[in-house]
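Report on one structure; see the data block that follows.
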Amino acid sequence: MARHASPSARPFRLVPYFFLLSLLLMGCATSLMAGYLRHYSAEQLLKLEKNRAASLVQIFENSLWPDFRSLLPLAGKPDRLQQAARQVHLREAVIGLMRGTDVIKLKVYALNGLTLFSTDAKQIGENEWDNDGFRSAAAGVPASELAHNHSIDAFEHTLTERDIVSTYVPVHRQDGRVEGVLELYLDATPFVTDSEHQLWWLTLAICALMGILFIAQMLVVGHAGRIIEQQAKSLADANRDLDRRVSERTHELETANRRLHDEIAERRRAEATLDRLAHHDTLTGLPNRLQFQQRLSHALDRSAMGEHGLALLFIDLDRFKDVNDTQGHHIGDLLLIAVANRLLAHVPPGDLLARLGGDEFVCVMEGLEKQDAADAAAGRLLSLFERPFDIGSQDIYLSASIGISFSRQDGADGDTLLRNADLAMYQAKAAGRNRCLRYTPELSSALEQRVLIERHLRQAIEIGEIDVHFQPKIACDSGELYGAEALARWHSPALGEIGPARFIPIAEESGLIEALGDLVLDKSCRQLAQWLADGFAVPSVSVNLSVRQLERMDFPQRVESMLERYALPPSLLEMEITESVIMAADDAVAALTTLRKLGVRLSIDDFGTGYSSLAYLHQLPVQTLKIDRSFILGIGGGQDGEAIVRSILSLAANLALDTVAEGVETAEQADFLRKAGCSAIQGFFYGRPLPAMDFSARWRDAALS
Ligand code: C2E
Ligand code: CA
Ligand code: CA
């Protein structure tokens, strides 16, 4: 989680706040002080004026009050007051007294507020009862008030812009009671002007003082503000640094956390991969042997508790090794994947399909009521091989052999069930492949037999117990002996007669075939040399060659030394090699070329059943094609079979190769082949493989005759 540095708070701006506040406060203080001063000076002024008025009133009172008193009786008749003859006299007397003083007006009131006299004659008879100053004076307390008049009528003329102090002063009788009120207007303008002047200067001085104070304060506060700003700045810097370090550390922690997460995820993935690898076959993705064993044992537990049985199908591809050897491992792998996918698509859900390795698959079927159900399922799986597999833009035909074992009767545990299904499969292969067989207890002994055969075969080869029989090949044009094929025969004193179809595959699988091949070659060469020495001119003797022999680096040397040992012309010896052997052997062309250089003849055995392409055939230094017995069987049976034989013959003619037809049993077949242009015929029709003595006895005479 990304963490952002918090925005540093703006530093407190002391100076502007202080500036405003102190300006406000100082303004207030100044105006308060100025106001108070003004008020105070006005008070002082009034007090002064009041005193002055009081002393002046005394003058008027002393000189004129008896006259004014004479007007009192007229207090109830305002209209007569105006006309009173004394008014003029009084006015002159008052003005006389006023002259030389600041008094600009004098008014005299009766206690009822009626103006008895005024220097301004118009005002005589007006009532002043409502005036507070009058009332105060009437009550015995003098009262003054200051007023600024824009215009006021003085006794001589009209005055403008004047500050006037009017003072009501009570006039007491001898008994102390108030008899009347005098109001005196004093011109205070010069005094007020003077005091305002002073006031102004004072205010200015205060303002200046305040200003200086303000500036001094601002200097101090400004300095403090700068210190605060600096501190705030360094605090912000420290904060930013802290934020940066926190964010860096957070980032580090997040990265570490992510790495940890990644590592955990990676470990989980690795564990999952290991688990998958441990339990799955990497090529096909099917469960492997380990998973198969685990699931089989669970399935057996379930089956033991339930009523239904469990079948184990052991599926092995036929001649897969040939595909692998001839087409390469890559194609072999693709084929295995295709087979796995096809099988998987047809294995019922819930049943298990696993690959044990190589071309071996197993299928565990649960919940079967009868064994027949397993047979039917195996049959369906076999039928999947009827369609070719499309691998790398070529169609590959393949078959499989399936062995079936059934729980309860064929084994209580997984290992036994698997071994027995394997045995049944092995038997299915032995019975001709492309089929399924159920396990029977007799099969176990077949396996034991196999082991027995291998053990005895090893001994037989060591002591030369293997015989070689010879089967004639007859030239079609002359009917004479064309050659002989040397075929291994084994009569074991312990096991009895055992055919090559039985012991050759065992020899090949156990590796005994090299020694066996050497033995047959040696015996054949010796026999040929013997015949030649005896005057039996056998045109050639052919021996069968297995892939292991062909692959041996020193094989051509062995042949060469053999020919030398028996002083044989190389052209009398022929090697029969099947197409699959040629394809399987590493660098077969080189090996065959070396052999050919010795002068030995080469023949392709079982031609038509393998995979060799015509282009490849072209490169091989062979002289003969042996047409496989399966094609000969087609002769007489229909047009197709004969057409194949014809096309093989014409192909051989094109390549200038001799042709030998194998397994010819009938005159019809021999007839057809002769007419079709086949070079030679081999088969029971002319003769079975015979021991050397019998062979020479039979064919020496024929050659001679
Ligand atoms: P192959 O090379 O195709 O040999 C021919 C087989 O056909 C022989 O079987 C022969 O007895 C049989 N045969 C000949 N004519 C007829 C006929 O008219 N009808 C029928 N039904 N069969 C006929 P054999 O001797 O049992 O040999 C079987 C295979 O064993 C041979 O097939 C060959 O591939 C292999 N084999 C035999 N001897 C040797 C050997 O010394 N070395 C190697 N590497 N393989 C050998
Ligand atoms: Ca042969
Ligand atoms: Ca053959």
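This note's numbering puts the first residue of the sequence shown at 8, with every later residue one more than the last.
Note that the Cβ used here is the ideal one computed from N, Cα and C, for glycine as well.
Classification of residue i by the beta-carbon crowding that lies within 10 angstroms, buried from 16 upward
i      : result
Asn551 : buried
Arg256 : exposed
Lys57  : buried
Asn295 : buried
Asn138 : buried
Ser70  : exposed
Lys112 : buried
Gln478 : buried
Asn661 : exposed
Val115 : buried
Leu30  : exposed
Phe691 : exposed
Trp136 : exposed
Ala467 : buried
Ala117 : buried
Ala352 : exposed
Met700 : exposed
Ala223 : exposed
Trp208 : exposed
Thr174 : buried
Three-state secondary structure (DSSP) of residue i
i      : result
Trp136 : coil
His157 : strand
Tyr433 : helix
Met8   : Since pLDDT at Met8 reaches only 42, below the 50 mark, its modelled position is unreliable, and no value is offered.
Tyr573 : coil
Lys84  : coil
Asp474 : strand
Asp358 : coil
Leu557 : helix
Asn551 : strand
Phe141 : helix
Ser241 : helix
Ala709 : helix
Thr601 : helix
Ser400 : coil
Pro507 : helix
Tyr116 : strand
Ala660 : helix
Endpoints, the alpha helix (DSSP H) within which residue i is located
i      : result
Val588 : 586-591
Tyr47  : 21-78
Val101 : 93-105
Lys633 : From DSSP, Lys633 is part of no alpha helix (DSSP H) but of the beta strand (DSSP E) over 631-634.
Arg462 : 448-469
Arg608 : Careful: Arg608 lies outside any alpha helix (DSSP H), inside the beta strand (DSSP E) at 608-614.
Thr333 : 327-334
Residues of its chain near residue i, where Cβ-Cβ distance is below 7 Å and the 5 sequence neighbours each way are ignored
i      : result
Gly418 : Ser412, Leu424, Asn427
Glu558 : Ala592, Asp593
Ser406 : Asp325, Phe392, Arg440, Asn441
His179 : Val185, Glu186
Gln300 : Gly421
Pro696 : His476, Phe477, Gln478, Leu494
The beta strand (DSSP E) enclosing residue i, as first and last residue numbers
i      : result
His498 : 488-499
Gly316 : 316-324
Pro177 : 165-179
Asp194 : 185-194
Phe413 : 407-413
Ile2   : Here the chain covers residues 8 to 712 and nothing more, so residue 2 does not appear.
Thr122 : 122-125
Near ligand 5: residue i beta-carbon under 7 Å from a heavy atom
i      : result
Glu583 : Ligand 5 is absent from the structure shown, which contains only ligand 1, ligand 2 and ligand 3.
Cutoff 6 Å; reference residue i; Cβ partners in own chain excluding five residues on either side
i      : result
Gln298 : His286
Leu454 : Leu430
8 Å Cβ shell around residue i - same chain, five flanking residues per side excluded
i      : result
Leu220 : Met33
Leu350 : Ile322, Leu360, Phe368, Cys370, Leu388, Leu391
Tyr446 : Gly410, Ile411, Ser412, Phe413, Asp417, Asn427, Ala428, Leu430, Ala431
Anticipated Cβ contact below 8 Å, residue i with residue j, distance rounded
i      : j      : result
Met582 : Leu609 : 5 Å
His476 : Leu494 : 5 Å
Ala144 : Val188 : 4 Å
Ile655 : Leu640 : Not really, about 14 Å apart at Cβ, beyond 8 Å.
Cys685 : Thr666 : 5 Å
Phe702 : Ala491 : 7 Å
Val607 : Pro577 : 5 Å
Cβ of residue i within 8 Å of any chain C Cβ
i      : result
Phe221 : No chain C appears in this structure, which consists of one protein chain only.
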